[in-house]
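Presented below is the structure to which this report refers.
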Amino acid sequence: MEEEEPRIGVFICHCGVNIGGVVNVPQVVKYAKTLPNVAYSEDNIYTCSEAGLASIKEAVKKHKLNRVIVASCTPRTHEPLFRSACREAGLNHYLFEMANIREQCSWVHAHQQEKATKKAKDLVRMAAARATWLRPQEEPELEIKDSSLVIGGGIAGMTAALTLADQGFQVYLVEKEPELGGNVRRLHLLYPTMQETRAFLEPTIEAVKANKHIETLTSTTLSDVKGYVGNFKVTLDRKGEKKDIEVGTIIVACGAMSYTPPKGLYQYGVFPNIVTQLEMDELLRNGKIQKPPERVVMIQCVGARKGEIRAVDLAGFPKSDTARLLAKILKAKKEEGWPYCSKICCMNAIKNAILVKDKFPETDVTILYGDVRVYKEYEDFYSLAREKQVRFVKHIEEVPPEIAESPDGRMSVMAYDALSGREMHLPCDWVVLSTPLIPHKEEVILARMLKIPISSDGFLMEAHVKLRPVDTQMDGIFLAGAASGPKDVPESIISAKAAAARAAILMANKKMSTEALTSVVDEDECFGCGLCEEICSYGAHYLEEGKSHTIAALCRGCGACAAECPRRAITMQHFTDDQVLAQIKAGLTEEV
Amino acid sequence: MAEKSVLVVGGGISGIQASLDLATRGYKVYLVEKSPSIGGRMAQLDKTFPTMDCSMCILAPKMIDCSHHHNVQLLTYSEVKGIKGSPGSFVVTVLRKPRYVDETKCTGCGTCADHCPVEVPNEFDEQLGMRKAIYMPFPQAVPRAVTIDKVNCIDCGLCQKMCQSGAVDLKMEAKEVELNVGAIIVSIGFDLFDPTQIPTYGYGRYKNVVTALELERLLCASGPTGGHLIRPSDGKIPRKIAFIQCVGSRDRRFGTTYCSSICCKYSVKDAVLIKEHEPSTTVSIYYIDLRAFGKGFQEFVNRAKSEYGVRFIRSSPGEIKEDPATKSLTVWYEDTVAGRIENQEFDLVVLCPALVPRTDAKELAKVLGASVDAYGFFKAANILTNPVDTTVPGIFACGYCLGPKTGDIPDSIMQGSATAARVAEVLERV
Amino acid sequence: MKYAFFLGCLIPARELSYEVSVRKVMPELGVELVDMKGANCCAPFSIQSVDYSSWMALAARDLAIAEEMGMDVMTLCNDCYESLLMVNNILKRNGELRNKVNELLSEVGKEFKGKITVKNLVDVLYGDVGLSKVKKAIKEPINGIRVGAQPGCHLTKPKRIHFEILRGFSELDSLVQATGVESVPYERKEMCCGGPLRDINDDMARQISRQKLSALKEAEVQAIVTVCPFCFLQLDLGQLEIKRHFNEEYNLPVIHFIELLRLGMGMKLEDWEIKAHRIPITELLKDRL
Amino acid sequence: MAEVANTPRGKGVLLCIQCGRCSSSCPVARLTEEHNPRRLMEMVIMGFKKEVLPHQLPWYCLSCFTCLDRCPQGGDVGEVMFAIRNLAVRQGNVPAGVAGQAKALYETTRVINPVRSVLDKRESLGFSKISNEGLEEVQKILKKTGMEKIVSST
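Protein chains in written order, with the working numbering: chain A, 1 to 592; chain B, 593 to 1022; chain C, 1023 to 1311; chain D, 1312 to 1465.
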């Protein structure tokens, strides 16, 4: 469309009192009308409400608007909504611009109303300046292959695989160990039903093996992932032999691993009978404990709820550079422990405590805890343990338990019982340490290959921790099970099914369209230095015949390449220099 | 066609997620909601941890997606009355209660409400704010149409006169519709335990003892106080605030022996929000076990302590007494770690009530032939292996109606998506 | 209406005036009280503190006697009441324990069958006689007096075992009001009088009583009305002791509910009964005595 | 713990989650640091026998049963107290007042007995005699239950 006069409509949102309570909205509306190319302006209590959207559409028609600006909150949550409103009004949605006068204005200047109003005007002025330069864009459409790669053959991975296969999608299930089952394989019974792990694991494994849509590849790892949503090209490595597959979606179910305390922490590895809950589980299952112990002491939060990820840990790590980040975190945490609550340890301890009590009713089982975090109906399980006369001792950080050799050659645990204000000396035969679930080292490689960021707790990061718990920032890649944080079996199963559902949406629709916000190379200017290929975290650039090319589907529009390019041969569509410079210039000129 | 369509009962966040996933996947979705608008509990919250996004701000787009999606049909102000058939081909009878307003005509301009002479407490604001007899529960309501609550309406007909688009229809009658669906998802959410059952806390008798949900409304910018946290008794800004955990949770007397899973977490969030509102406020949280499990929460608690100076006291207070003159509240508690029995005065006390099954959960379960568990929540076919299947094949459940096995919003969303997967599994099985 | 009349130990020994009023008033309301021959002490908390099975057996023996009489038990003292009620409930519901207890009783040719219920004065008046009948019986209402009613702990606590008849302050209050006086609310009304610690930890007992008394003082009552003889003793005699130990004077006359009822019905108290009140009631009720 | 937990009135101790509602509701605990029902439960759970049984601790409780109504778990401190006292008594820890009542009960079937003048008064009023006719039966029972030994030993 070359080139009708820009006619901009500006819609300014009160967001209840979020904005209206600070910024003088009517004043801003009045001001907007004075700006070049602005043909219309109005305010709405909630522009995002159906009424607000309706009045945008109406105004576009009535006032022949060909640009729309909404001054409200953040594009992160609301841009898609307003864009679709534009579409419905027959306007290409790349002709929409947003000014954030809430997060960037009313919220941060709540006590400076006048200045806030001035700033709101500035932001609107800048948005208008850019809007003038906006151009319609077409969005490329992608084919989505209806096959999926599931990484990890634990309970989450198998569940995801089965869920997809049952819907007729081809699934490649990749497990690095020689057999399926993951962490659960190492468990004896599962709380709270106390059913035998085997009784439910074996049938699942059988179902996977029997399913004609699932190709299971054990002892297999990923050696390379190329491509993008709908068209991932994955190279697998099965004991040295390579295998290439093409899939439309990827579900990461790499799970987590149990933290092993460093030698000497609570005398672990010093005294013989000090084990982790997982080791105790195995001892019980294999009947390794014959002689009824007089006492078993369990210590909670060993290596968890300790320290914190300090800002310096994260300083200077671009989200994309997950490898170095996790490496650093792992190193720091090995000694210091992990800051988060692993949430399954209390139940694991109680489960093992009950198993000990059932086997040796005379044995005293004492659990040293900070908080008993048996959430949901698990509370009843905690009560059951108490009724079986398991003792729970609350200790406080200031006085951590100490383990010493007792005169009789056994161990003795000194614990401070905060709730009676008394010291206890507990001679015992076994000390069991409850350790958290922590990220796999392999996660580093995975994260790097899949280009998913890692969050500060070291686990793979969701697209939005609240609203998109199984999506990642990479289209077509989803998270299942403990890959994104500690989960027990039911929670893993739920997240696996959720991830499968999300992946199925893409594959069932067979195609999707992607953002037009990508880099475009001007081949005449490009002299093939390759800096863009180097800098790109998403592998969206490649050199061919001395020229750089962009894979639109991979490009996240971060602009790193454009900034790096010595010949300024790269343009970011929808973020052109003209647009940005106009915006900056408007920002620097005083309110008119 | 039935096998390609799904009924979702309950328009909260988990129901919305299930609907959108299924609709985008290509299924026809009927989303039935009892109240006049979808949105559920999440719509009532102020901000959400950890991003501190305003809850409504991140929910509203999803609500609107539902109303715009070509595969979603909203049946608000409606209830499921009967069901026949089997997985793949259920026939469901839905009662569409009369709204006395034509949704298709109403623009939600609100003129009718402006002129309506009847004012009653607004359920959406936990009775703290007022609404008219013809009303929209909250500004972002979906669908954007008003509803006449006939219980309080005095039939003055003013709304009808005022309405430009002739949407008001005082003669409207309830009607039943039959839907053919392949599968059903239940996501009716939770109610709050009634704190008057614990008289020593004085809820209902003492004005300044409120529930956490009431607090959310008091904090919320679009709430009855426009986001200004004030005492119900005198509108003063509370300087000393206490949170009391496990009001009805972990309690054998009422059969609610479970942990409600979310109270510790939202309390810490609210405490921090209050501190940000009014840094000078002292906030004390009385807990038995501080259950800050889940992504980022432990770290958040540490910050609440060190950065914001929120007080955490391991104690479940025995009783609350009101000073009849000042309406301030004396909380009797024992700091169990110090072993000291003390009492402290507060301007406002926030009770964190147990989350309990919807009052009509049993009834709906009966209609669907599904069983409920010991607490009255929908029973999972197998809490280990089939956590989102009900005891009836082809009927699934997500969100808090499954009981506290839902931690919080992300869990509800995951369950919503998980049920979508189960539906597809059943209907696509090849 | 016939009841096995369980007198207990305290009343006949220390508060004869209570018994007198009961024996005078109840027949007027159509209640026949039959003495329990050979009944033993109910085994109150002091005895329960010593031995569990003795408690069970002793209380069961009393219940067995009442069962032989074929009547429900009526108690006056909250302590007797709670003891008999608890044992009756437990043995009715716990067959195993019942057999154990009956083994002991068989030694003395008795058996607990669980055929009767245990009631106290308030139950009988409110539940069986009925409020309306009580009101009718009031010939000369005692008007213009503010009293604080002291239900005593074991009339209502613990709630879960008091399920056989609905029971709370309200029933007692409405009975008290029926006599014409005004029964006013006061702080921590449900709280203990301190009596149970008498002879165990006298100082503590007195301090608890002080709390009670000052709460009543704050509510500006002119008198305290009790149902339980222990509460009466603790609050009446207690005031003298408190005066001695803490040099505090409350001067709140304490009066048995049944006496109030008796006066309301137009009967007079005899001189020795009036004197039985250590805090004089003459000033308060002068025109009625 | 077991010694208390395995008695009919003591089993509540196993349900205790140490929330502190009992202690902050207890009229005695509000008056003296000494008495803390919640802490007493903890000490029983942890088996601090020597710190509990020989001392005053078990004898502060009024048995007013406020805690029974307020305990969310049915822990019933007020009930458990009797289980603890039963053990204390067997260790010879029994207040004179209690011992006296027990003795009186064993010797007269009642814990308090009327003085001469009161008996006369009753007679003049024509009330039934205060008789000890149950005595033989009562003593028989108390021999069986072992209370007689306790009485004579204290």
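In this text, a Cβ means the ideal position worked out from N, Cα and C, and glycines have one as well.
Only a predicted model underlies this, so the values are computations on that prediction, with no experimental measurement involved.
Within 9 Å of any Cβ in chain E, is that where the Cβ of F641/B sits?
Going by chain labels, chain E is absent from the structure shown, which instead holds the protein chains A, B, C and D.
Check whether M1312/D and G1358/D have beta carbons under 9 Å apart
yes
So the candidates are A127/A, I505/A, F271/A; which of them puts its Cα closest to the Cα of G587/A?
A127/A
Reduced DSSP secondary structure (H/G/I, E/B, other) of K243/A:
strand
Just how far apart, CA to CA, sit K176/A and D645/B?
39 Å
Can you tell me the Cα-Cα spacing of G774/B and D166/A, whole angstroms?
16 Å
Taking just the CA atoms, how far does G287/A sit from Y188/A?
Sequence inspection shows His at residue 188/A; the Tyr mentioned does not correspond to that position. Roughly 11 Å separates the two Cα atoms.
Comparing the C-beta of G1321/D with each C-beta of chain B, is any distance below 9 Å?
no
Contact between the region 479-496 of chain A and the region 154-165 of chain A (3+ Cβ pairs under 8 Å)
yes
Quick check: what's the CA-CA separation for P996/B versus A917/B?
40 Å
Three Cβ pairs or more, each shorter than 8 Å: is that satisfied between the region 449-465 of chain A and the region 409-428 of chain A?
no
Provide the residue span of the beta strand (DSSP E) that contains A759/B, from first to last.
Where A759/B is concerned, there is no enclosing beta strand (DSSP E), given that its DSSP letter is neither H nor E.
Measure the C-alpha to C-alpha separation of P792/B and E914/B and round it to an integer number of angstroms.
For the record, residue 792/B in the displayed sequence is Thr; it is not Pro. Each residue's Cα considered, the two are about 11 Å apart.
Is M298/A buried or exposed, if buried means 16 or more other CB atoms sit within 10 Å of its CB?
buried
Ignore the nearest five residues each way along the sequence and tell me which others in V1053/C's own chain have a CB closer than 6 Å to its CB.
M1023
Can you tell me whether V860/B is buried or exposed? The criterion is at least 16 other CB atoms within 10 Å of its CB, across all chains shown.
buried
Near G758/B, which residues of its chain fall below 7 Å by C-beta distance, leaving aside the five closest residues on each side in sequence?
K697
Beta-carbon of C1375/D versus every beta-carbon of chain C: anything under 9 Å?
yes
Select from the region 1385-1402 of chain D all residues with a C-beta closer than 7 Å to any C-beta belonging to chain A, and list them in chain order.
none
Does any residue of chain C have a CB that is nearer than 9 Å to the CB of F1438/D?
yes
CA-CA distance, K971/B and E1037/C?
60 Å
Pull out every residue of the region 13-28 of chain A whose Cβ sits closer than 8 Å to any Cβ of chain B, in chain order.
C15, G16, V17, N18, G21
Is S681/B helix, strand or coil when you go by DSSP?
strand
Does the distance from the C-beta atom of K832/B to that of T873/B stay below 9 Å?
yes
Please state whether DSSP places T117/A in a helix, a strand or coil.
helix
Beta-carbon separation of N1116/C and G1174/C under 9 Å?
no
In this structure, what does DSSP give as the bridge partners for H1386/D?
In the sequence as displayed, the identity of residue 1386/D is Gly instead of His. BP columns for G1386/D are empty, so no partner.
With a CB to CB cut of under 6 Å and the five nearest residues on each side skipped, what residues in its chain are close to A1012/B?
A610, D613, L614
Assigned exposure category for S779/B - 16 Cβ within 10 Å defines buried
buried
So, are the CB atoms of R130/A and Q583/A less than 9 Å apart?
yes
Just verifying my parser: in three-state terms, what is the DSSP assignment at M1091/C?
helix
Given a cut-off of 9 Å on the beta-carbon distance, is the pair E1345/D and Q1367/D in contact?
yes
Please state the DSSP three-state secondary structure of K1455/D.
helix
Specify the secondary structure class of H440/A as computed by DSSP and reduced to three states.
coil
Quick check: the Cα distance between F1376/D and W1077/C, rounded to an integer number of angstroms?
18 Å
Contacting residues, own chain, Cβ-Cβ under 7 Å from C1333/D (five flanking each side not counted)
P1348, R1349, C1378, R1381, C1382, V1388
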